[in-house]
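Below is one structure; the comments refer to it alone.
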Amino acid sequence: MKMPRIHPLLLAGLVSTGILGGVGGYTFLYAEGLSYVSDDPRACANCHVMNEHLDSWTKGSHARAAVCNACHLPHGVAEKYFAKARNGWFHSKAFTLQDFPEPIRIAPFNHDRLQRNCIECHADFVGLIAGPADVGRDEARCTVCHRSAGHMKLD
Amino acid sequence: MNRRLVLLYGAVLLVTAGLTFGVTALLMNIAQRKSEARQTFFRVVELTDATIDPAAWGKNFPREYEGYLRTADTNRTRYGGSEAFSRLDQDLSLRRIFAGYAFGTDYREERGHYYSLTDQKLTERTAKFSQPGACLQCHAGGMKQVYEQVGAGGLFRGFDLVCAMPLTQAWTLVQFPVSCTDCHNPTNLALRATRPAFLEGIDALARSDAPVPCAPSIERWRRGDRATPYDPNALATRQEMRTFVCGQCHVEYYFKGEGKRLTYPWHNGLKAEQLQAYYDEAGFADWTHAETGAKVVKAQHPEFETWNQGIHARSGVACADCHMPYERQGAMKVSDHHVRSPILNASRACLTCHHFEAPEMIARVEAIQDRNRALMDRAETALLALLDDLSAARSAGAADAALAAPRAHQRRAQWRLDFVNAENSMGFHAPQEAARLLAEAIDFARQGQLALEPGRPGAP
Numbered sequence: 000m001k002m003p004r005i006h007p008l009l010l011a012g013l014v015s016t017g018i019l020g021g022v023g024g025y026t027f028l029y030a031e032g033l034s035y036v037s038d039d040p041r042a043c044a045n046c047h048v049m050n051e052h053l054d055s056w057t058k059g060s061h062a063r064a065a066v067c068n069a070c071h072l073p074h075g076v077a078e079k080y081f082a083k084a085r086n087g088w089f090h091s092k093a094f095t096l097q098d099f100p101e102p103i104r105i106a107p108f109n110h111d112r113l114q115r116n117c118i119e120c121h122a123d124f125v126g127l128i129a130g131p132a133d134v135g136r137d138e139a140r141c142t143v144c145h146r147s148a149g150h151m152k153l154d
Numbered sequence: 000m001n002r003r004l005v006l007l008y009g010a011v012l013l014v015t016a017g018l019t020f021g022v023t024a025l026l027m028n029i030a031q032r033k034s035e036a037r038q039t040f041f042r043v044v045e046l047t048d049a050t051i052d053p054a055a056w057g058k059n060f061p062r063e064y065e066g067y068l069r070t071a072d073t074n075r076t077r078y079g080g081s082e083a084f085s086r087l088d089q090d091l092s093l094r095r096i097f098a099g100y101a102f103g104t105d106y107r108e109e110r111g112h113y114y115s116l117t118d119q120k121l122t123e124r125t126a127k128f129s130q131p132g133a134c135l136q137c138h139a140g141g142m143k144q145v146y147e148q149v150g151a152g153g154l155f156r157g158f159d160l161v162c163a164m165p166l167t168q169a170w171t172l173v174q175f176p177v178s179c180t181d182c183h184n185p186t187n188l189a190l191r192a193t194r195p196a197f198l199e200g201i202d203a204l205a206r207s208d209a210p211v212p213c214a215p216s217i218e219r220w221r222r223g224d225r226a227t228p229y230d231p232n233a234l235a236t237r238q239e240m241r242t243f244v245c246g247q248c249h250v251e252y253y254f255k256g257e258g259k260r261l262t263y264p265w266h267n268g269l270k271a272e273q274l275q276a277y278y279d280e281a282g283f284a285d286w287t288h289a290e291t292g293a294k295v296v297k298a299q300h301p302e303f304e305t306w307n308q309g310i311h312a313r314s315g316v317a318c319a320d321c322h323m324p325y326e327r328q329g330a331m332k333v334s335d336h337h338v339r340s341p342i343l344n345a346s347r348a349c350l351t352c353h354h355f356e357a358p359e360m361i362a363r364v365e366a367i368q369d370r371n372r373a374l375m376d377r378a379e380t381a382l383l384a385l386l387d388d389l390s391a392a393r394s395a396g397a398a399d400a401a402l403a404a405p406r407a408h409q410r411r412a413q414w415r416l417d418f419v420n421a422e423n424s425m426g427f428h429a430p431q432e433a434a435r436l437l438a439e440a441i442d443f444a445r446q447g448q449l450a451l452e453p454g455r456p457g458a459p
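Those protein sequence lines, which keep their order, are chains C and Z. Terminal number for the first sequence in numbering that gives the first Met the number 0: 154, no gaps in between. Terminal number for the second sequence in numbering that gives the first Met the number 0: 459, no gaps in between.
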């Protein structure tokens, strides 16, 4: 069988692409990339900046009712993975470049989602107090008073 | 093959090579973060109690050491900071208030820990006046080791000897400023109190019946049999120690007796009037006021005492929480050893607990400080008015007996005003307490003036 003639540059391009795929795949596994697809709260503390949040959540009132993703991510599948990808990009960029302000604070995009999730689960009780419309107007924020419901008890 | 394909292949090659370069860099970054999280410190040198040089500690703890070195930075805040500006030039009343005392000659804002020994040698208070070795306890690193060496193993024996020797002689025993070993155990890095005057002072405080809300371990010790002294190193929690190590030096003190023994006057409690009651009982005065002849006391820097009267102490917030807040370096959490005004680091210092933006927190602090400064100005005006009246009465030939009451009022007024003025927070550590003291200072000064009015009982 006669090997087709292949241009050395094409060969080099293919080899380098293979190396990229290999190194990239290894990096993904080494960085526990698959854990981020899960709902496991430990994945949120993979890079250790969330250690205190995770620790205090285990002692908080929601530890037996809701994991990180239950409050912090949308509940629809497509929306949830879009939010995961969006947050994943910003978080890994910030952690890699070490350019985030301290203490870490929730951004508006995620704060809106958090509020919607409070209302979604507790609709029976809070339906008359606050609805999703209030989120947009930045009114009736649950966490202003219930700050330690999820984590970081402040007393 | 045509030229366009060659170019395309070349471009693909370059792009994948670049991407591989980036992915590998990311891989290494992740590996570094992971190793940081696994091993937070690496023992390069063996640290013992004999290791005084902070640079040696810095080999094992480079991040903390880097922060410590930055205490050499000078910064101004609205009312303080770490720049050695002259407080006498900034507040012209002070020269009169301290007339006849070393502080009337040279009185500067403190610089950072890095300069603690240098600045003690630079001030005219040590250059133009002879001072005792007692001063050295808080200005040099490794004093525990110096005392143990001089005392042949006995910490308090060595303390007595060094306190009594001239400061210039004591300087020959040390070479570093306030340093790691003063607050940390070299074997396990646990916080420890090493200053003898603090160990005695906190025991005296524990033996008093004054409430100490900041230190539950003192309340626990009081409920016990009190057979052994209250020992913070054995009994205090880590959170209490995060205040006590600072309280080793950032306190009111005096030199007791001929031996110039450094003493913290906490035997009745930590409030200004409780400290003054101790001084009154001991018949102590720092100096006799040059204008009025009153026996007066200079407050030093009663930060620990003042903070104890404030809301942060009651809430269990330690000095280190605001002055050495945690910061993230990679996957590590480090306590910032660049000890400084929290105003210069408000985001980390305040926002962990207070959910507002940094400018709002700074505005709150400065609102408290502006009000405190305004009250201080009133108190200074009142005190200077009393100094005027007392000097006039003295020049007019009033007898000492007739001046006793107004002089006693000067002592009380001046102590309270100076307590707030010498304290390094412009009232912030305990705003209501500072306001109470300044109100009392104004009242005592005006009472002193009334006592000098002709026709009043006891007036000259």
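Backbone N, C-alpha and C fix where the C-beta goes; we use that ideal spot for every residue, glycine too. Fair warning: this is a prediction, and the values are worked out from it, not measured in the lab.
Review point. How far does the beta strand (DSSP E) with Y325(Z) in it reach, from first residue to last?
Key: Taking the first residue of the second sequence as position 1, residue 325(Z) is located at position 326. Note, Y325(Z): beta strand (DSSP E), Y325 to Q328.
Exercise for review: Taking only beta-carbon positions, decide if V36(C) is within less than 7 Å of chain Z.
Suggested key: Against the first sequence, residue 36(C) aligns to sequence position 37. With 7 Å as the cut-off, V36(C) does not count as an interface residue toward chain Z.
Exercise for review: Compare the C-beta of I18(C) with all C-beta atoms of chain Z and state if any pair is closer than 7 Å.
Suggested key: What you label residue 18(C) is simply residue 19 of the first sequence in a count that begins at 1. At least one chain Z Cβ lies under 7 Å of I18(C).
Check your understanding: Exposed or buried, which one is D154(C) when buried takes at least 16 other CB atoms within 10 Å?
Key -> The count along the first sequence starts at 1 and reaches residue 154(C) at position 155. Its pLDDT being 42, under 50, D154(C) is placed unreliably in this model, and the value from its coordinates should be taken loosely. It counts as exposed.
Review point. Is any beta-carbon of chain C found at less than 7 Å from that of R363(Z)?
Key: Stepping through the second sequence from its first residue, residue 363(Z) is reached at position 364. False, the Cβ-Cβ gap to chain C never drops below 7 Å.
Check your understanding: the stretch 322-349 of chain Z: which residues have C-beta closer than 9 Å to a C-beta of chain C, in chain order?
Key -> P324, Y325, E326, R327, Q328, G329, A330, M331, K332, S346 and R347
**Study point:** Proximity to G426(Z) [Cα-Cα], best of G157(Z), P301(Z) and L154(Z)
**Key:** Within the second sequence, the letter at position 427 stands for residue 426(Z). If we check each option's Cα against that of G426(Z), P301(Z) comes out closest.
**Study point:** Cβ-Cβ separation, A284(Z) to T294(Z) (assumed contact under 8 Å), whole Å
**Key:** Counting from 1 along the second sequence, the entry for residue 294(Z) is found at position 295. Counting from 1 along the second sequence, the entry for residue 284(Z) is found at position 285. Strictly speaking, residue 294(Z) in this sequence is Lys, with Thr absent from that position. About 4 Å; that satisfies the 8 Å criterion.
Practice item. Would you mind telling me which residues of chain C sit closer than 8 Å to N28(Z), beta carbon to beta carbon, in chain order? Key: Along the second sequence, read from residue 1 onward, the residue named residue 28(Z) stands at position 29. Here the neighbours are T95.
Check your understanding: So, helix, strand or coil for L153(C), using DSSP?
Key -> Translated into the one-based positions of the first sequence, residue 153(C) becomes position 154. The predicted position of L153(C) is uncertain, since its pLDDT is 49 and thus under 50; a value taken from the coordinates is nonetheless stated next. Residue state, collapsed to three classes: coil.
Point to revise | D202(Z) to T305(Z) span [Cα, whole Å] | key: If you number the second sequence from 1, residue 202(Z) lands on position 203. If you number the second sequence from 1, residue 305(Z) lands on position 306. Whole-angstrom Cα-Cα distance: 18 Å.
Review point. What are the residues of the stretch 0-29 of chain Z that lie near chain C, defined by any Cβ-Cβ distance shorter than 8 Å?
Key: M0, L4, V5, Y8, G9, V11, L12, T15, A16, L18, T19, V22, T23, L25, L26, N28 and I29
Review point. So T47(Z) packs on P185(Z), CB below 8 Å; how close in whole Å?
Key: Walking along the second sequence from the start, residue 47(Z) turns up at place 48. Walking along the second sequence from the start, residue 185(Z) turns up at place 186. That pair is a contact at about 6 Å.
Practice item. Name, please, each residue of chain C whose Cβ falls closer than 7 Å to the Cβ of A438(Z). Key: By one-based count along the second sequence, residue 438(Z) stands at place 439. Chain C residues near A438(Z): none, gap ~32 Å exceeds 7 Å.
Check your understanding: Taking a cut of 7 Å between CB atoms, which residues from the stretch 112-125 of chain C lie near chain Z?
Key -> Residues passing the 7 Å Cβ filter: none.
Point to revise | Beta carbon proximity, T351(Z) to chain C, threshold 7 Å | key: Residue mapping note: residue 351(Z) aligns to position 352 of the second sequence, counting from 1. T351(Z) counts as touching chain C.
Review point. Between E379(Z) and T287(Z), what straight-line distance do the alpha-carbon atoms span, to the nearest angstrom?
Key: As a working mapping, residue 379(Z) is identified with position 380 in the second sequence. As a working mapping, residue 287(Z) is identified with position 288 in the second sequence. Answer to the nearest angstrom: the Cα atoms are 19 Å apart.
Review point. Should D388(Z) go down as buried or exposed, given a rule of 16 or more other Cβ atoms within 10 Å for buried?
Key: The residue labelled residue 388(Z) in the question sits at position 389 within the second sequence. Only buried fits D388(Z), as 16 or more other CB atoms lie within 10 angstroms of its CB.
Check your understanding: Looking at chain C, which residues of the stretch 290-324 of chain Z have a Cβ within less than 7 Å of any of its Cβ atoms?
Key -> none
Review point. Does the distance from the CB of P430(Z) to the CB of I367(Z) come in under 7 Å?
Key: Position 431 of the second sequence, counting from 1, holds the residue named residue 430(Z). Position 368 of the second sequence, counting from 1, holds the residue named residue 367(Z). Yes, the pair counts as a contact, with Cβ atoms nearer than the cut-off.
Check your understanding: Which residue or residues does DSSP assign as beta-bridge partners of S85(Z)?
Key -> For the purposes of this step, residue 85(Z) is taken as the residue at position 86 of the second sequence. S85(Z) is bridged to R107(Z).
Check your understanding: Helix, strand or coil for R75(Z) per DSSP?
Key -> If you number the second sequence from 1, residue 75(Z) lands on position 76. Strand at R75(Z).
Exercise for review: Can you say whether Q275(Z) is buried or exposed, counting buried as having 16 or more other CB atoms within 10 angstroms of its CB?
Suggested key: The residue you call residue 275(Z) lines up with position 276 of the second sequence. Flag for Q275(Z) reads buried.
Review point. Can you tell me whether DSSP reads I18(C) as helix, strand or coil?
Key: Start at 1 with the first residue of the first sequence, and residue 18(C) comes out as number 19. Three-state result, I18(C): helix.
Review point. How many angstroms separate the CA atom of Q491(Z) from the CA atom of I361(Z)?
Key: Outside the modelled stretch of chain Z, which goes from 0 to 459, sits residue 491(Z), for which no answer is possible.
Check your understanding: Helix, strand or coil: which one does DSSP assign to G80(Z)?
Key -> Translated into the one-based positions of the second sequence, residue 80(Z) becomes position 81. G80(Z) falls in the strand class under three-state DSSP.
Point to revise | Cα-Cα separation between Q448(Z) and F60(Z), rounded to whole angstroms | key: Against the second sequence, residue 448(Z) aligns to sequence position 449. Against the second sequence, residue 60(Z) aligns to sequence position 61. Straight-line Cα distance between these residues: approximately 58 Å.
Review point. Quick one, which residues of the stretch 235-253 of chain Z are near chain C if we go by CB-CB under 9 Å, in chain order?
Key: none
Practice item. Any chance you could list the alpha helix (DSSP H) runs of at least 4 consecutive residues sitting entirely within the stretch 166-236 of chain Z, in chain order? Key: Entirely contained in the stretch 166-236 of chain Z, the alpha helix (DSSP H) runs reaching 4 residues are, in chain order, 166-170, 195-206, 215-222 and 231-234.
Review point. Going by the beta-carbon positions, is the gap between G9(Z) and H337(Z) smaller than 7 Å?
Key: Position 10 of the second sequence, counted from the start, is the residue given in the question as residue 9(Z). Position 338 of the second sequence, counted from the start, is the residue given in the question as residue 337(Z). No, the Cβ-Cβ distance between G9(Z) and H337(Z) is not below 7 Å.
Practice item. Alpha carbon to alpha carbon, how far is A395(Z) from L385(Z)? Give it in angstroms, no decimals. Key: Along the second sequence, one-based indexing puts residue 385(Z) at 386. Along the second sequence, one-based indexing puts residue 395(Z) at 396. Near 15 Å, if we compare the C-alpha coordinates of A395(Z) and L385(Z).
Point to revise | Range covered by the beta strand (DSSP E) that runs through R260(Z) | key: Counting from one through the second sequence, the residue named residue 260(Z) turns up at place 261. Segment R260 to T262, the beta strand (DSSP E) holding R260(Z).
Practice item. Flag this pair as touching only if the stretch 9-24 of chain C and the stretch 3-20 of chain Z have three or more C-beta atom pairs under 8 Å; answer yes or no. Key: yes
Check your understanding: Under the three-state reduction of DSSP, which class applies to Y100(Z): helix, strand or coil?
Key -> Taking the second sequence and counting its residues from 1, one reaches residue 100(Z) at position 101. In the three-state scheme derived from DSSP, where H, G and I count as helix and E and B as strand, Y100(Z) is classed as coil.
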